[in-house]
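Those protein sequence lines, which keep their order, are chains A and B. So that you can map any letter, position 425 of the first sequence is 474 in the working numbering, and since no number is skipped, the others follow by simple counting. So that you can map any letter, position 230 of the second sequence is 279 in the working numbering, and since no number is skipped, the others follow by simple counting. In what follows, a structure is listed as structure tokens, so that the remarks can point back to it.
2 protein chains.
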Amino acid sequence: MQNMEQTAALAHQAALRLAASSAQERDRALGAVSEELLKRKERIFAANREDMNRGRREGLSEPLMKRLAFDQNKMEDTLSGIASLRTLPDPVGRTTLSTELSPGLNLYRVTCPIGTIGVIFESRPDALVQIAALCLKSGNAVLLKGGSEARETNRALFTAIEAGTASSGMPEGWAGLMESRADVAEMLKMDRYIDLIIPRGTNEFVRYIIEHSRIPVMGHADGICHTYVDAAADIDMAIRVAVDGKAQYAAVCNATETLLCHRNIAEAFLPRLKAAMDSAGVRLLGCPRTTRIIPVEDATDEDWDTEYLDYVLSVRVVDSLADAISHVNSHGSGHTDAIVTEDTEAAARFLREVDSAGVFHNCSTRFADGFRYGFGAEVGIATGKLHARGPVGLEGLLSYKYKLLGSGQIVADFASDSMSFTHRALHEECPM
Amino acid sequence: MQNMEQTAALAHQAALRLAASSAQERDRALGAVSEELLKRKERIFAANREDMNRGRREGLSEPLMKRLAFDQNKMEDTLSGIASLRTLPDPVGRTTLSTELSPGLNLYRVTCPIGTIGVIFESRPDALVQIAALCLKSGNAVLLKGGSEARETNRALFTAIEAGTASSGMPEGWAGLMESRADVAEMLKMDRYIDLIIPRGTNEFVRYIIEHSRIPVMGHADGICHTYVDAAADIDMAIRVAVDGKAQYAAVCNATETLLCHRNIAEAFLPRLKAAMDSAGVRLLGCPRTTRIIPVEDATDEDWDTEYLDYVLSVRVVDSLADAISHVNSHGSGHTDAIVTEDTEAAARFLREVDSAGVFHNCSTRFADGFRYGFGAEVGIATGKLHARGPVGLEGLLSYKYKLLGSGQIVADFASDSMSFTHRALHEECPM
Numbered sequence: 050m051q052n053m054e055q056t057a058a059l060a061h062q063a064a065l066r067l068a069a070s071s072a073q074e075r076d077r078a079l080g081a082v083s084e085e086l087l088k089r090k091e092r093i094f095a096a097n098r099e100d101m102n103r104g105r106r107e108g109l110s111e112p113l114m115k116r117l118a119f120d121q122n123k124m125e126d127t128l129s130g131i132a133s134l135r136t137l138p139d140p141v142g143r144t145t146l147s148t149e150l151s152p153g154l155n156l157y158r159v160t161c162p163i164g165t166i167g168v169i170f171e172s173r174p175d176a177l178v179q180i181a182a183l184c185l186k187s188g189n190a191v192l193l194k195g196g197s198e199a200r201e202t203n204r205a206l207f208t209a210i211e212a213g214t215a216s217s218g219m220p221e222g223w224a225g226l227m228e229s230r231a232d233v234a235e236m237l238k239m240d241r242y243i244d245l246i247i248p249r250g251t252n253e254f255v256r257y258i259i260e261h262s263r264i265p266v267m268g269h270a271d272g273i274c275h276t277y278v279d280a281a282a283d284i285d286m287a288i289r290v291a292v293d294g295k296a297q298y299a300a301v302c303n304a305t306e307t308l309l310c311h312r313n314i315a316e317a318f319l320p321r322l323k324a325a326m327d328s329a330g331v332r333l334l335g336c337p338r339t340t341r342i343i344p345v346e347d348a349t350d351e352d353w354d355t356e357y358l359d360y361v362l363s364v365r366v367v368d369s370l371a372d373a374i375s376h377v378n379s380h381g382s383g384h385t386d387a388i389v390t391e392d393t394e395a396a397a398r399f400l401r402e403v404d405s406a407g408v409f410h411n412c413s414t415r416f417a418d419g420f421r422y423g424f425g426a427e428v429g430i431a432t433g434k435l436h437a438r439g440p441v442g443l444e445g446l447l448s449y450k451y452k453l454l455g456s457g458q459i460v461a462d463f464a465s466d467s468m469s470f471t472h473r474a475l476h477e478e479c480p481m
Numbered sequence: 050m051q052n053m054e055q056t057a058a059l060a061h062q063a064a065l066r067l068a069a070s071s072a073q074e075r076d077r078a079l080g081a082v083s084e085e086l087l088k089r090k091e092r093i094f095a096a097n098r099e100d101m102n103r104g105r106r107e108g109l110s111e112p113l114m115k116r117l118a119f120d121q122n123k124m125e126d127t128l129s130g131i132a133s134l135r136t137l138p139d140p141v142g143r144t145t146l147s148t149e150l151s152p153g154l155n156l157y158r159v160t161c162p163i164g165t166i167g168v169i170f171e172s173r174p175d176a177l178v179q180i181a182a183l184c185l186k187s188g189n190a191v192l193l194k195g196g197s198e199a200r201e202t203n204r205a206l207f208t209a210i211e212a213g214t215a216s217s218g219m220p221e222g223w224a225g226l227m228e229s230r231a232d233v234a235e236m237l238k239m240d241r242y243i244d245l246i247i248p249r250g251t252n253e254f255v256r257y258i259i260e261h262s263r264i265p266v267m268g269h270a271d272g273i274c275h276t277y278v279d280a281a282a283d284i285d286m287a288i289r290v291a292v293d294g295k296a297q298y299a300a301v302c303n304a305t306e307t308l309l310c311h312r313n314i315a316e317a318f319l320p321r322l323k324a325a326m327d328s329a330g331v332r333l334l335g336c337p338r339t340t341r342i343i344p345v346e347d348a349t350d351e352d353w354d355t356e357y358l359d360y361v362l363s364v365r366v367v368d369s370l371a372d373a374i375s376h377v378n379s380h381g382s383g384h385t386d387a388i389v390t391e392d393t394e395a396a397a398r399f400l401r402e403v404d405s406a407g408v409f410h411n412c413s414t415r416f417a418d419g420f421r422y423g424f425g426a427e428v429g430i431a432t433g434k435l436h437a438r439g440p441v442g443l444e445g446l447l448s449y450k451y452k453l454l455g456s457g458q459i460v461a462d463f464a465s466d467s468m469s470f471t472h473r474a475l476h477e478e479c480p481m
């Protein structure tokens with residue numbers, strides 16, 4: 050059995066060869082992975098039943114059991130995800146800048162894979178296939194570390210991925226599976242071999258990864274999203290947007306956790322909000338000014354920093370747009386925040402001054418999602434401000450390199466002024 | 050006196066307001082900084098003389114003393130740098146993606162400042178002004194930590210920056226100066242307030258920062274650049290490019306440190322290389338196959354991993370293009386590597402497979418530079434593969450946010466199929 054270091058070193062080597070593969074080769078390999086998954090589906094389902102039985106015996110919670118399942122439905126979703134990925138254009142090798150530095154000396158910025166991606170996820174064996182497929186599409190090697198609760202399923206899925214990619218000529222070791230718990234801590238130190246860590250799991254889990262990694266991490270721990278109902282809001286619209294933001298699907302990161310309401314509209318808005326949220330089964334917690342208008346429980350200071358992921362909403366009355374912005378920037382998680390208002394200037398200011406990946410006007414925070422944004426495939430949602438921010442599509446798995454094509458140019462000629470820079474935009478593809 | 054934490058918290062607050070400032074306001078503030086620098090120039094020169102005298106007494110090395118100087122020439126360079134920065138277009142608020150998700154629901158990706166940048170630099174007080182100006186232009190707050198050897202100069206320069214920006218209405222505390230040695234260690238832990246660290250100094254210094262920071266770091270420790278002379282190289286061109294790469298300016302990160310030479314051209318090329326490098330005052334160290342052809346010292350294994358920053362070049366004969374690529378990927382630092390060849394296919398393969406920020410064909414590695422690339426201003430050179438890579442212009446100081454402009458849309462309508470996504474490219478600027 051290989052150790053962690055060997056697996057990572059092999060992936061790092063494979064990444065260099067994978068970066069030189071063609072889009073046709075990688076798309077063909079994706080197709081072969083689909084075929085292997087289909088061919089082995091009974092074995093995969095059996096492995097999953099084993100994990101599910103063990104989980105049941107060990108008393109895993111119902112939501113965890115649900116995420117652990119890999120059945121016919123999950124298989125179909127997985128296969129259609131791979132199929133749609135194959136139809137996306139090649140993200141690698143696109144020229145994003147072209148400049149003539151001097152006649153015959155042309156600079157091109159060209160997209161390329163990042164290298165080796167480490168993915169650490171809890172439950173959800175379907176995430177293993179999804180992420181591996183995204184990495185393959187973008188020419189990255191991948192190290193996968195799943196939770197022990199999904200061990201058998203992960204092994205069965207990984208075997209299919211390995212078989213499909215080996216038969217279609219992808220470099221050996223481009224994907225590696227980590228199994229032991231100690232692997233996570235070791236993985237987070239391997240900045241020599243791993244370029245990026247993507248964690249997928251609960252807040253605590255992601256926060257642990259962020260705090261212990263020497264490798265850059267792309268992801269989000271908290272999703273404390275706000276909907277701010279401005280003095281100039283259309284109340285009907287505000288109710289619809291708030292109910293959708295909270296209750297359309299409460300257990301996700303882009304659900305609204307706190308509603309802010311301008312004092313001038315509070316008397317008219319809050320009673321209607323309460324009625325609508327009661328119907329939707331949402332429990333409200335209010336600040337003192339809220340509880341003077343509607344009979345709801347008291348919110349504590351902690352509530353403003355809490356991601357409920359449940360049918361609970363904290364409500365606060367604010368004095369001004371500035372106070373709303375300041376509340377969001379102090380208590381939010383930089384994920385997604387919305388303003389409902391008919392006042393265009395207020396909306397523009399909210400969108401400019403709120404420091405979040407998504408700033409929305411007159412729509413639900415629930416729209417913050419790679420598929421809804423039209424990215425076709427989603428790597429995850431990032432709340433950091435470097436590299437990729439917000440919902441991340443395949444672009445987040447890419448870096449770029451500068452290709453400079455000359456005909457013997459040397460810097461000395463420019464330093465001596467016998468040559469000079471033209472810096473003329475070329476608007477053309479890199480020829481090599 | 051404020052402590053470090055207060056200074057950082059204040060900068061973080063100021064960053065939110067700075068992000069909302071207009072390009073006109075920021076350009077006006079840059080102008081005011083120039084005026085203050087000019088007005089205070091005698092005081093600044095006097096402060097620098099104090100630092101220089103102390104440095105001389107304490108026996109600072111000649112190169113360090115040279116970097117410490119801030120005289121009339123440095124002042125002129127600094128002012129012309131600020132003047133050219135003012136003429137650059139506003140990097141903030143550019144729309145880089147626009148998509149109609151559904152009629153009346155439009156998504157825009159808009160550039161915005163990152164937030165608060167921590168800059169840690171050795172000597173070179175001119176770097177303080179340059180980086181502060183870049184941050185101001187891009188709407189970022191900045192925390193500056195200079196070396197104690199430049200203390201008086203840094204204070205004098207910082208006072209001018211503060212005066213100029215305060216008089217032109219920039220938010221108080223947008224720039225902070227850190228002075229004590231303990232500040233560095235503390236700074237690297239302040240991920241709550243600081244979004245990005247940019248170190249400027251020697252390899253050891255940058256490596257220390259990278260290893261100890263909890264905040265993302267943008268920079269490069271080593272610059273081990275290669276020039277590979279392929280079997281199909283034009284020998285005259287190869288000599289010119291190699292001499293320029295090594296000797297045009299040896300003490301910089303983009304200078305060539307190792308020359309690789311294909312065995313089929315070694316007999317013809319190496320004697321001419323030796324003659325040219327002798328004339329340029331460059332000492333050669335060779336692998337066994339090199340020393341059989343030209344009389345030079347033996348290179349040790351360590352030489353392949355050494356950045357000389359001096360008139361020294363290690364030379365290795367390789368069997369193939371593949372071996373050259375593999376040498377570069379194993380021993381290089383991912384900075385910049387060049388191939389000299391008339392064989393277009395060999396060049397294309399080298400450019401595709403070498404995993405470096407800059408991959409050059411038939412030109413000197415010394416071209417790897419933000420000014421030569423036409424970026425107008427340079428933040429530094431990054432060898433990491435996330436966020437920015439290679440020479441980094443103002444773009445490296447930017448993030449983006451997604452602005453979603455609706456008219457009451459909710460996700461429930463799309464989930465129930467009463468609405469559907471159009472995902473139509475808009476090619477337009479964000480209206481707010």
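Where is the CB? At the ideal position from N, CA and C, for every residue including glycine.
Can you tell me which of the three DSSP states Met50(A) falls into? Counted from its first residue, the first sequence places residue 50(A) at position 1. At Met50(A), the pLDDT of 47 sits below 50, so the modelled position is not reliable and the matter cannot be decided from this model.
Give the DSSP-derived three-state secondary structure of Glu253(B) in the structure shown. Here the question's residue 253(B) lines up with position 204 in the second sequence. Helix, per DSSP.
Is Thr393(B) close to chain A? Criterion is C-beta to C-beta, closer than 8 Å. On the second sequence, position 344 is the one that residue 393(B) refers to. Residue contact with chain A for Thr393(B): present (Cβ-Cβ distance below 8 Å to some residue of chain A).
When the Cβ atoms of the region 385-392 of chain A are set against those of the region 406-417 of chain A, are three or more pairs found closer than 8 Å? Contact holds: three or more Cβ-Cβ distances are below 8 Å.
Short check: CB of Gly167(B) to CB of Gly268(B), under 8 Å? Residue 167(B) sits at position 118 when you count from the first residue of the second sequence. Residue 268(B) sits at position 219 when you count from the first residue of the second sequence. No, the Cβ-Cβ distance between Gly167(B) and Gly268(B) is not below 8 Å.
Taking Cβ to Cβ, would you say Arg263(A) is nearer than 8 Å to Lys295(A)? By 1-based counting over the first sequence, the position of residue 263(A) is 214. By 1-based counting over the first sequence, the position of residue 295(A) is 246. Against a cut-off of 8 Å, the Cβ pair of Lys295(A) and Arg263(A) comes out as no contact.
Cβ of Ser405(B) less than 8 Å from any chain D Cβ? Judged by its chain identifiers, the structure shown contains no chain D, and its protein chains are A and B.
Beta-carbon contacts of Leu453(B) that lie in its chain and below 6 Å, excluding the five residues immediately before and after: Walking along the second sequence from the start, residue 453(B) turns up at place 404. Result list for Leu453(B): Leu156, in chain order.
Tell me whether His476(B) is buried or exposed, calling it buried when 16 or more other Cβ atoms sit within 10 Å of its Cβ. As a working mapping, residue 476(B) is identified with position 427 in the second sequence. The residue is exposed, with fewer than 16 neighbouring Cβ atoms inside 10 Å.
Ala68(A) beta carbon less than 8 Å from that of Ser217(A): As a position in the first sequence, residue 217(A) is number 168, starting the count at 1. As a position in the first sequence, residue 68(A) is number 19, starting the count at 1. Annotated as distal: Ser217(A) and Ala68(A), with beta-carbon spacing of 8 Å or more.
Sort Glu351(B), Leu334(B), His376(B) by Cα distance to Tyr360(B) and report the nearest one. For the purposes of this step, residue 360(B) is taken as residue 311 along the second sequence, with counting starting at 1. Cα-wise, what sits closest to Tyr360(B) is Leu334(B).
Count the other CB atoms, across all protein chains shown, that sit within 10 Å of the CB of Pro440(B); report buried if there are 16 or more and exposed otherwise. Position 391 of the second sequence, counting from 1, holds the residue named residue 440(B). Looking at its Cβ environment, which holds 16 or more other Cβ atoms inside 10 Å, Pro440(B) is buried.
Test: Thr144(A) CB closer than 8 Å to a CB of chain B: Residue 144(A) sits at position 95 when you count from the first residue of the first sequence. With a threshold of 8 Å between beta carbons, Thr144(A) makes no contact with chain B.
Which residues share a DSSP beta bridge with Gly407(B)? Locating residue 407(B) in the second sequence gives position 358, where the first residue counts as 1. DSSP, once it has assigned bridges, lists Tyr451(A), Thr385(B) as partnering Gly407(B).
Expressed to the nearest angstrom, what Euclidean distance is found between the alpha-carbon atoms of Ile343(B) and Pro337(B)? Translated into the one-based positions of the second sequence, residue 343(B) becomes position 294. Translated into the one-based positions of the second sequence, residue 337(B) becomes position 288. Each residue's Cα considered, the two are about 10 Å apart.
Looking at Cys161(B) and Leu447(B), is the spacing between their C-beta atoms short of 8 Å? Counting from one through the second sequence, the residue named residue 447(B) turns up at place 398. Counting from one through the second sequence, the residue named residue 161(B) turns up at place 112. With a cutoff of 8 Å on beta-carbon distance, Leu447(B) and Cys161(B) are scored as near each other.
Would Glu351(A) pass as a contact of Thr251(A) if the rule is Cβ separation under 8 Å? The residue labelled residue 351(A) in the question sits at position 302 within the first sequence. The residue labelled residue 251(A) in the question sits at position 202 within the first sequence. Contact flag unset, no.
In the DSSP assignment, what residue or residues form a beta bridge with Asp347(A)? One-based indexing of the first sequence puts residue 347(A) at position 298. BP columns for Asp347(A) point to Gly335(A).
Do Ile180(B) and Ile247(B) have their CB atoms nearer than 8 Å? In the second sequence, the residue the question calls residue 180(B) occupies position 131. In the second sequence, the residue the question calls residue 247(B) occupies position 198. Cβ atoms of Ile180(B) and Ile247(B): closer than 8 Å.
Anything in chain A within Cβ reach of Ile163(B), meaning under 9 Å, just list it in chain order. As a working mapping, residue 163(B) is identified with position 114 in the second sequence. By Cβ distance, chain A contributes Lys434, Leu435.
Looking only at its own chain, which residues have a Cβ that is under 6 Å from the Cβ of Met50(B), when we skip the five neighbours before and after it? The residue you call residue 50(B) lines up with position 1 of the second sequence. In this prediction, Met50(B) has a pLDDT of 47, which is less than 50 and means its spatial position is unreliable; nothing more can be read from the coordinates.
In three-state terms, what does DSSP make of Met267(B)? Position 218 of the second sequence, counting from 1, holds the residue named residue 267(B). Under the three-state reduction of DSSP output, Met267(B) falls in the coil class, being neither helix nor strand.
Is it a yes or a no for the region 78-97 of chain B touching the region 123-135 of chain B, going by three-plus beta-carbon pairs under 8 Å? The region 123-135 of chain B and the region 78-97 of chain B touch, with three or more beta-carbon pairs separated by less than 8 Å.
CB contact below 8 Å: Met50(A) versus chain B: Here residue 50(A) corresponds to residue number 1 of the first sequence, with the count starting at 1. Unreliable placement is indicated for Met50(A), whose pLDDT of 47 sits below 50; no coordinate value is reported for it.
Outcome for Gly419(B) when other beta-carbon atoms lying within 10 angstroms are tallied against a minimum of 16: The residue you call residue 419(B) lines up with position 370 of the second sequence. The C-beta of Gly419(B) has 16 or more other C-beta atoms within 10 Å across all chains shown, which makes the residue buried.
With a floor of 4 residues, list each alpha helix (DSSP H) that falls wholly inside the region 161-203 of chain A, ordered by position along the chain. Segments of the alpha helix (DSSP H) lying fully in the region 161-203 of chain A: 174-186.
By the DSSP assignment, the beta strand (DSSP E) with Ile273(B) in it spans what residues? Locating residue 273(B) in the second sequence gives position 224, where the first residue counts as 1. Per DSSP, Ile273(B) belongs to no beta strand (DSSP E) and is neither H nor E.
Verify the CB distance criterion: does Ile93(B) have a CB-CB separation below 8 Å to chain A? Along the second sequence, one-based indexing puts residue 93(B) at 44. In terms of beta-carbon proximity, Ile93(B) stays away from the interface with chain A, with every pair separated by 8 Å or more.
Is there a Cβ of chain A sitting closer than 8 Å to that of Tyr449(B), yes or no? In the second sequence, counting from the first residue as 1, residue 449(B) sits at position 400. It does: the Cβ of Tyr449(B) has a partner Cβ on chain A nearer than 8 Å.
Would you decide whether Lys186(A) is buried or exposed? Buried here means 16 or more other CB atoms lie within 10 Å of its CB. In the first sequence, counting from the first residue as 1, residue 186(A) sits at position 137. Lys186(A) sits buried, since 16 or more C-beta atoms from the chains shown fall within 10 Å of its C-beta.
Can the beta-carbon of Leu400(B) be found closer than 8 Å to that of Val408(B)? Looking up residue 400(B) in the second sequence gives position 351. Looking up residue 408(B) in the second sequence gives position 359. Yes, these two residues count as a Cβ contact at 8 Å.
Name, going along the chain, the residues of the region 463-474 of chain A whose beta-carbon falls closer than 8 Å to a beta-carbon of chain B. Of all residues in the region 463-474 of chain A, Phe463, Ala464, Phe470, His472 have a Cβ within less than 8 Å of some Cβ in chain B.
Local Cβ density within 10 Å of Leu87(B), reported as buried at 16 or more and exposed below that: For the purposes of this step, residue 87(B) is taken as residue 38 along the second sequence, with counting starting at 1. Per the 10 Å Cβ criterion, exposed.
What is the residue span of the alpha helix (DSSP H) that Ile430(A) lies within? For this step, residue 430(A) is matched to residue 381 along the first sequence. Segment 429-431 is the beta strand (DSSP E) holding Ile430(A); no alpha helix (DSSP H) there.
Which bits of chain A does Tyr242(B) rub up against, with CB to CB less than 8 Å? The count along the second sequence starts at 1 and reaches residue 242(B) at position 193. Under the 8 Å cutoff, chain A gives no residues; its nearest Cβ is about 13 Å from Tyr242(B).
Let me know the secondary structure DSSP gives Glu477(A) once reduced to three states. As a working note, residue 477(A) is residue 428 in the first sequence. Assigned with DSSP and collapsed to three states, Glu477(A) falls in coil, not helix or strand.
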